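Engineer:
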Amino acid sequence: MISSFLTQAICYSNIIALLTLSLTLTYMTTKVPNFMQGSFAMVGTYVAAGVYYLLHVHPYYSLPLECIVGALVGVAVYYLIIRPLIKRGASVIMLMIATFAGDFVLCGLLFIYANYLQDLGIQVRPLWYAPDFSLAGVPVLLIFSLLSIVILYLILFIVLYKTKFGTAIRAAVENPSLAQTLGVNLEAVRVFSWALSGLLSAYAGVLWPLIPSVSITDPSYGSAQLPLIFASSIVGGLDSLIGAIIGGYIIGFSQIYLPYLTGYTELGYVFPLIIMVIVLLICPKGVGDIIERALLGKKAPSRRV
318 MISSFLTQAI CYSNIIALLT LSLTLTYMTT KVPNFMQGSF AMVGTYVAAG VYYLLHVHPY
378 YSLPLECIVG ALVGVAVYYL IIRPLIKRGA SVIMLMIATF AGDFVLCGLL FIYANYLQDL
438 GIQVRPLWYA PDFSLAGVPV LLIFSLLSIV ILYLILFIVL YKTKFGTAIR AAVENPSLAQ
498 TLGVNLEAVR VFSWALSGLL SAYAGVLWPL IPSVSITDPS YGSAQLPLIF ASSIVGGLDS
558 LIGAIIGGYI IGFSQIYLPY LTGYTELGYV FPLIIMVIVL LICPKGVGDI IERALLGKKA
618 PSRRV
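Under the numbering used here, residues 318 to 622 are what the sequence shown spells out, in order.
Take a look at the structure:
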């Protein structure tokens with residue numbers, strides 16, 4: 318039987334990997350480091366909490382609703398913030414700062430919603446759920462999160478490399494101006510990416526508080542985890558999907574296991590950042606690049622799986 322500690326480490330790493338995938342998607346299509354990624358996840362967390370306490374529907378069963386809300390939030394952010402700035406010729410730095418400011422707005426809205434639930438007598442600060450289900454002694458969250466990573470990666474791989482729309486997305490990533498000249502709808506590509514990013518983040522946010530070791534005290538929890546999400550993306554490679562998953566596991570396990578092994582439990586946030594620096598020194602393009610070169614040879618193509 319898998320130990321409780323290892324189970325929590327795997328589940329936590331799966332959540333970080335899902336959020337890193339979300340960050341990678343938006344970066345691949347718009348080259349914008351999205352500082353709203355953590356709050357995107359909290360949208361799923363607190364919508365699921367409201368459904369759970371008001372309608373008594375377990376988060377597993379209400380996942381479709383949270384995913385839809387997350388996708389709508391991603392699209393809203395694109396149309397309200399990203400798209401107007403792109404049309405005005407904003408630089409990547411300006412877009413990045415805009416998402417940083419947008420994070421404060423979204424986090425504030427989530428605080429209003431959480432306070433409303435609190436006024437109704439619902440305990441969401443901190444957020445607490447009853448113990449998770451088990452299947453033959455194995456936590457359902459472990460099975461669910463692992464299957465989610467595998468299935469989502471396969472779906473993304475098929476969409477990006479086995480469909481015409483995926484070809485359009487990759488063309489838009491490589492050369493947006495040329496892709497638009499050839500008839501690729503950049504607007505559709507960007508909307509799809511931000512919607513999918515919001516969906517995946519909300520999905521991860523629903524599962525996050527089900528991990529016993531995770532204590533979500535308020536909606537700012539997601540923003541506080543942003544350094545880990547960025548560290549995971551950098552370790553894996555900013556535009557590599559497989560690297561995002563591997564980076565999620567490296568950062569997730571380093572945060573959970575290294576403090577335990579060394580006895581320095583207060584350094585949970587330090588170890589992942591140290592690993593990020595080491596990876597940058599060894600392989601500036603991330604471990605995803607190492608994997609591609611190992612599988613495809615030294616002349617690996619620029620595409621990222």
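C-beta: ideal position from N, C-alpha, C; glycine also.
All values reported here derive from a predicted model rather than from experimental measurement.
How many whole angstroms separate the CB atoms of Ile333 and Ile546, which I take to be in contact at a CB cut-off of 8 Å?
Structural biologist: Rounded, the Cβ-Cβ distance is 7 Å, consistent with contact.
Engineer: So does the segment 381-391 actually touch the segment 556-568, counting three or more Cβ pairs closer than 8 Å?
Structural biologist: Contact fails: fewer than three Cβ-Cβ distances are below 8 Å.
Engineer: Are the C-beta of Phe547 and some C-beta of chain D separated by less than 8 Å?
Structural biologist: The structure shown has no chain D; it contains just one protein chain.
Engineer: Comparing C-alpha positions only, which one of Tyr446, Phe461, Ser408 sits nearest to Val368?
Structural biologist: Comparing Cα positions, the closest option is Tyr446.
Engineer: What would DSSP say about Ser451, mapped onto helix, strand or coil?
Structural biologist: The answer is strand: DSSP assigns Ser451 an E or B state.
Engineer: How big is the Cα-Cα spacing for Val532 and Trp525?
Structural biologist: According to the sequence shown, residue 532 is Ser rather than Val. Roughly 9 Å between the two C-alpha positions.
Engineer: Could you give the residue range of the alpha helix (DSSP H) that holds Gly367?
Structural biologist: Unbroken alpha helix (DSSP H) run through Gly367: 354-372.
Engineer: Ignore the nearest five residues each way along the sequence and tell me which others in Ile466's own chain have a CB closer than 8 Å to its CB.
Structural biologist: The answer, listed in chain order, is Asn331, Ala334, Leu335, Ile562.
Engineer: How many angstroms separate the CA atom of Leu423 from the CA atom of Gly391?
Structural biologist: The alpha-carbon atoms of Leu423 and Gly391 are separated by roughly 11 Å.
Engineer: Tell me the DSSP secondary structure of Leu555 in three-state form.
Structural biologist: Leu555 falls in the coil class under three-state DSSP.
Engineer: Which class does Leu380 belong to by DSSP, given the choice of helix, strand or coil?
Structural biologist: Three-state DSSP puts Leu380 in a helix.
Engineer: Can you give me the Cβ contacts of Phe570 inside the same chain, cut-off strictly under 8 Å, excluding the 5 residues immediately before and after it?
Structural biologist: These residues qualify, in order along the chain: Ala326, Ser330.
Engineer: Just the Cα atoms here: how many angstroms apart are Gly585 and Gly361?
Structural biologist: Their backbone Cα atoms lie some 25 Å apart in a straight line.
Engineer: Which whole-angstrom value describes the C-beta separation of Ser510 and Thr346, a residue pair presumed to lie in contact below a C-beta threshold of 8 Å?
Structural biologist: With a Cβ gap of about 4 Å, Ser510 and Thr346 count as contacting.
Engineer: Can you look up Leu437 in the DSSP assignment and give me helix, strand or coil?
Structural biologist: Reduced to three states, the DSSP call for Leu437 is coil.
Engineer: For Leu338 versus Leu543, is the C-beta spacing smaller than 8 Å?
Structural biologist: No. Outside cutoff.
Engineer: When DSSP labels each residue in this structure, what does Pro456 get in the three-state scheme?
Structural biologist: Correct three-state label for Pro456: strand.
Engineer: Just verifying my parser: in three-state terms, what is the DSSP assignment at Gly605?
Structural biologist: The answer is helix: DSSP assigns Gly605 an H, G or I state.
Engineer: Can you tell which of Lys479, Leu555, Leu380 has its C-alpha closest to the C-alpha of Tyr520?
Structural biologist: When each option's Cα is compared against that of Tyr520, the closest is Leu380.
Engineer: What does the alpha-carbon distance come out to for the pair Leu340 and Tyr370?
Structural biologist: Answer to the nearest angstrom: the Cα atoms are 30 Å apart.
Engineer: Within the same chain, show all residues whose beta-carbon is closer than 6 Å to that of Thr484, passing over the 5 residues directly before and after it, in chain order.
Structural biologist: So no residue of the chain qualifies.
Engineer: Can you give me the C-alpha to C-alpha distance between Met593 and Val552, rounded to a whole angstrom?
Structural biologist: The alpha-carbon atoms of Met593 and Val552 are separated by roughly 6 Å.
Engineer: On the CB-based measure, 16 or more other CB atoms within 10 Å of its CB, does Asn492 come out buried or exposed?
Structural biologist: By the 10 Å Cβ count, Asn492 comes out exposed.
Engineer: Look at the Cβ atom of Ala415, then the Cβ atom of Ile403, and state whether they are nearer than 8 Å.
Structural biologist: Their beta carbons are not under 8 Å apart, which means Ala415 does not touch Ile403 by this criterion.
Engineer: Could you check the C-alpha separation between Val374 and Ala407 for me, to the nearest Å?
Structural biologist: Going by the C-alpha atoms only, they are around 43 Å apart.
Engineer: Beta-carbon separation of Met353 and Asp420 under 8 Å?
Structural biologist: Yes, they are a contact pair.
Engineer: Tell me where the alpha helix (DSSP H) around Cys328 begins and ends.
Structural biologist: It spans 321-347 - the alpha helix (DSSP H) in which Cys328 sits, taken as one unbroken run.
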